[in-house]
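> One structure coming up, written as structure tokens, with questions to follow.
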Amino acid sequence: MKEEISQLLEQALKGLVEEGVLPEETRGTAIQVERARDRKHGDFAANLAMMLAKPARRNPRELAAAIVEALPASDLVRKVEIAGPGFINFFLSPQAWHAVVEEVFERGTRFGHSDIGRDEKIHLEFVSANPTGPLHVGHGRGAAYGSTVGNLLEAIGHPVHREYYVNDAGRQMDILATSVWLRYLELGGAELRFPSNGYRGDYIIDIARQLREEHGEAFQQPVESVFHGLPEDAPDGDKEAHIDGLIGRARHLLGEEAFQTVFLTALEDILADIREDLSAFGTEFDEWFSERSLTSGGMVDHALEELEKSGDVYEQDGAKWFAAEKYGDEKDRVVVRDNGQATYFASDIAYHLNKRERGHDRLIDILGADHHGYIARLKAGLEGMGQPGDSLEVRLVQFAHLYRGKEKLQMSTRSGSFVTLRELREEVGRDAARFFYVMRSNEQHLDFDLELAKSQSSDNPVYYVQYAHARICSVFQQAEDKGFQYSRDTGLANLDQLDEDHEDQLMVTLSRFPEVVEAAARNRAPHQLTQYLRDLANDLHTYYNAHTFLVLEEEIRNARLCLVEATRQVLANGLALIGVSAPESM
RNA sequence: GCGCCCGUAGCUCAGCUGGAUAGAGCGUCGGCCUCCGAAGCCGAAGGUCGCAGGUUCGAAUCCUGCCGGGCGCACCA
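Just so we're aligned: 329 in our numbering is position 329 of the first sequence, and the numbers increase by one with no gaps anywhere.
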């Protein structure tokens with residue numbers, strides 16, 4: 001609809017250039033059409049005349065008059081006015097709004113979708129939490145935000161590949177395996193002081209128990225041999241040295257094969273739990289990409305080769321460095337340590353190179369806000385490997401702070417005293433959780449009040465929107481109970497009988513949906529969609545309270561039902577995009 | 001110290017890539033159910049858009065400086 005207005009203006013512009021009224025260089029001026037905020041200003045407004053005033057050396061109002069004069073006729077437009085400093089205001093005809101209702105039915109669940117993004121393949125990485133324990137509420141925000149952005153991008157036609165990067169390599173994983181093994185020893189009757197830096201959650205004990213069921217006493221070792229001669233743990237000693245010593249001891253006493261068994265059991269258990277959790281949260285991935293596969297598949301070496309080609313890799317102090325500073329990073333980065341091991345930075349850029357080599361035009365990473373330091377170095381790395389730095393787009397998700405009423409809840413994976421995503425889901429429900437997570441801009445800190453999200457009444461916005469949907473369903477149920485036969489065709493044929501302000505308003509809001517979806521997708525801003533859904537629900541509730549739908553006159557009744565049926569469709573489409581259900585009754 | 005994010009109504013936040021008189025929810029106050037679901041609707045009060053400059057027809061929005069809050073600055077993962 002916006003598009004159509006824009007085209008009319010384009011033709012007018014073209015005409016004026018050809019007539020010589022406007023200089024040649026204004027031909028390519030980008031036409032901006034926006035929704036008028038106040039309906040007194042019509043339905044759409046264009047600032048074209050103001051933008052052209054300078055190059056054309058004419059005053060904007062005069063120019064606006066010339067543009068209006070040059071506009072081709074259209075039956076969508078009822079009236080055009082010039083207002084203020086030179087705005088061109090368009091008033092649309094009723095037929096224009098009726099066409100929207102028809103379009104909703106024609107497109108059905110795909111109303112609001114488009115294909116404008118079809119030429120850009122997008123790789124979307126999100127959540128990617130270390131598989132060292134259950135997901136907590138911070139990951140939940142990334143999951144809700146990421147999956148909604150994915151839905152929005154798909155809705156505007158982008159091919160989207162959703163991926164979870166599994167950090168299944170490195171020291172944290174070794175600490176995990178060691179923690180499991182220590183719990184295993186405890187289950188075997190050993191008494192030991194659990195390392196302060198180990199993973200303490202109950203899930204560790206569950207995994208240890210499973211290990212015992214599957215492997216019996218195979219991994220049992222005397223406690224003395226495990227702890228003997230290790231550096232002291234905190235508070236008197238160095239907890240890092242202590243845990244590293246324990247890892248070494250575990251590897252040594254168990255042997256590499258048995259250690260791997262413990263390691264893999266822990267990894268697979270936790271990963272399975274995460275998959276199940278995310279799936280139940282309505283978040284699906286196309287691929288779970290293993291960090292270890294980067295090394296084993298030679299991708300890290302390949303990336304290092306590509307990087308070498310830049311000529312910006314040098315050796316110093318026995319390590320290989322990448323001159324990242326030349327590419328806008330704040331300092332140079334080590335890629336291979338003096339012990340010959342590739343750094344985390346090396347595997348990170350190898351991963352991103354791999355994403356590019358898989359054919360994705362744009363890489364979107366959704367990261368926790370504490371990772372913002374990675375952006376510059378990742379872009380630098382990509383450029384060093386001959387890839388465009390701006391093919392990577394990082395979206396940060398700020399922290400979510402959980403409150404139970406006034407009480408702020410503490411979170412820490414290590415201590416085991418966190419609130420998990422699963423607990424949150426069980427407590428407030430998937431719909432409320434998802435809606436709350438994306439309701440605010442991702443760049444904004446989120447105060448998530450459990451009591452509020454749980455409250456089945458009043459101030460919970462997700463219920464407000466869902467209620468609008470349920471209410472419409474209920475109206476159709478009532479119609480049936482009263483013996484009114486609903487005919488959509490009769491309704492469509494009589495839309496011109498709908499002349500109430502509320503009906504007008506509702507149709508206008510329905511027509512905004514495709515624009516909202518596009519803007520929310522382009523801006524990676526799901527909260528713009530939740531905002532819209534509240535507007536739409538409000539229009540429906542207002543209309544409902546002001547007018548009875550199930551009136552005796554058949555034409556008006558069917559026309560009204562037709563309008564609310566379209567509304568129901570749009571509510572459902574919008575809720576589907578954020579992964580929230582559209583209930584028929586509540 | 002350097003870098004990134006955020007300062008908008010009492011509270012929580014929008015403000016659509018610079019537009020017309022800055023909006024919504026909650027909270028407060030006052031109304032609306034013999035009538036399709038009151039999980040709803042209508043109305044009122046509430047603002048120096050952190051502060052100061054700058055850019056232009058026009059700034060909450062863009063630029064600079066300052067103030068305040070959060071986060072990050074590893075041969076850790």
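We put the beta carbon where it would ideally sit given N, CA and C, even for glycine.
#1: Following the continuous beta strand (DSSP E) through F105, name the residue where it begins and the one where it ends.
#2: Decide if V551 is buried, meaning its Cβ has at least 16 other Cβ atoms within 10 Å, or exposed.
#3: Output the distance between the C-alpha atoms of I578 and T530, rounded to the nearest integer angstrom.
#4: Less than 8 Å between the CB atoms is what I'm expecting for G150 and R162, so what's the real figure, rounded?
#5: Given this structure, state the Cα-to-Cα distance separating Y351 from T109, to the nearest angstrom.
#6: Taking E217 as part of the alpha helix (DSSP H), name the residues at either end of that continuous run.
#7: Could you tell me whether the stretch 59-76 touches the stretch 473-486, where touching means 3 or more Cβ pairs closer than 8 Å?
#8: Let me confirm a value: H445 is counted as buried when at least 16 other C-beta atoms fall within 10 Å, else exposed. Which label applies?
#9: With burial defined as no fewer than 16 other Cβ atoms inside 10 Å of the residue's Cβ, what is the status of G42: buried or exposed?
#10: Report back the beta-carbon spacing between N573 and F105 to the nearest angstrom; my notes put them in contact at under 8 Å.
#11: Are the CB atoms of R120 and D365 nearer to each other than 8 Å?
#12: Report, in whole angstroms, the separation of the C-beta atoms of A559 and L506, which I expect to be a contact under 8 Å.
#13: Check each candidate in L135, C562, L452 and D269 and name the one with the smallest Cα separation from N494.
#14: With distances taken Cα to Cα, identify the nearest neighbour of A420 among F484, L63, G133 and D301.
#15: On the criterion of 16 or more Cβ atoms from any shown chain inside 10 Å, does L378 qualify as buried, or is it exposed?
#16: Does the count of Cβ pairs from the stretch 207-218 and the stretch 233-247 closer than 8 Å reach three?
#17: Who are F587's beta bridge partners in DSSP?
#18: Report the three-state DSSP secondary structure of G15 (helix, strand or coil).
#19: In three-state DSSP terms, what is F111?
#20: Rounded to whole angstroms, what's the CA-CA distance from L52 to Q7? Just pull it up for me.
#21: So within the stretch 112-168, which uninterrupted beta strand (DSSP E) runs reach at least 3 residues, ignoring any that extend past its ends?
#22: Could you check where the beta strand (DSSP E) with F289 kicks off and where it finishes?
#23: According to the neighbour-count rule (16 or more other Cβ atoms, all chains shown, within 10 Å of its Cβ), is I156 buried or exposed?
#24: When you compare each of F448, K482, A70 and V517 to V17 by their alpha carbons, which one comes out closest?
#25: Figure out for me which residue from G84, Q221 and G298 has the closest Cα to the Cα of A250.
#26: Relative to the alpha-carbon of P526, which residue among M439, T283 and V180 has its alpha-carbon at the smallest distance?
#27: With distances taken from CA atoms, which of R337, T178 and Y145 is nearest N318?
#28: Below 8 Å between beta carbons: does that hold for V33 and A400?
#29: When DSSP labels each residue in this structure, what does Y486 get in the three-state scheme?
#30: Taking all protein chains shown into account, decide if H252 is buried (16 or more other Cβ within 10 angstroms of its Cβ) or exposed.
#31: Only counting the same chain, and skipping five residues up and downstream in sequence, which positions put a Cβ closer than 6 Å to that of F435?
#32: Excluding five sequence neighbours on each side, which residues of the same chain lie with their C-beta closer than 6 Å to the C-beta of S441?
#33: Within the same chain, show all residues whose beta-carbon is closer than 6 Å to that of A169, passing over the 5 residues directly before and after it, in chain order.
#34: Please state the DSSP three-state secondary structure of Y467.
#35: Quick one: give me the first and last residue of the beta strand (DSSP E) that Q316 is part of.
#36: According to DSSP, simplified to helix, strand and coil, what is S415?
Answer, in terms of the structure:
#1: First-last for F105: P94 to R107, but that is the alpha helix (DSSP H), not the beta strand (DSSP E).
#2: exposed
#3: 8 Å
#4: 5 Å
#5: 36 Å
#6: Note, E217: premise wrong, no alpha helix (DSSP H); not H, not E.
#7: no
#8: exposed
#9: buried
#10: In fact, because the Cβ distance is near 12 Å, the residues do not count as touching under 8 Å.
#11: The question names Arg, but residue 120 in the sequence shown is Glu. Cβ atoms of E120 and D365: not closer than 8 Å.
#12: About 12 Å; that fails the 8 Å criterion.
#13: C562
#14: It is worth fixing the name first, because residue 420 is Thr in this sequence and not Ala. Cα-wise, what sits closest to T420 is G133.
#15: buried
#16: no
#17: With the chain running from 1 to 586 in the structure shown, residue 587 is simply not present.
#18: helix
#19: coil
#20: 17 Å
#21: 122-125 and 160-166
#22: E287 to S290
#23: buried
#24: A70
#25: Q221
#26: M439
#27: In the sequence as presented, Asn is not what sits at residue 318; that position holds Gly. Ranking R337, T178 and Y145 by Cα distance to G318 puts R337 first.
#28: no
#29: coil
#30: exposed
#31: V462 and V580
#32: H527
#33: E291 and R292
#34: helix
#35: V313 to Q316
#36: Any reading at S415 is ruled out, since the residue's pLDDT is 47, under 50, leaving its predicted position unreliable.
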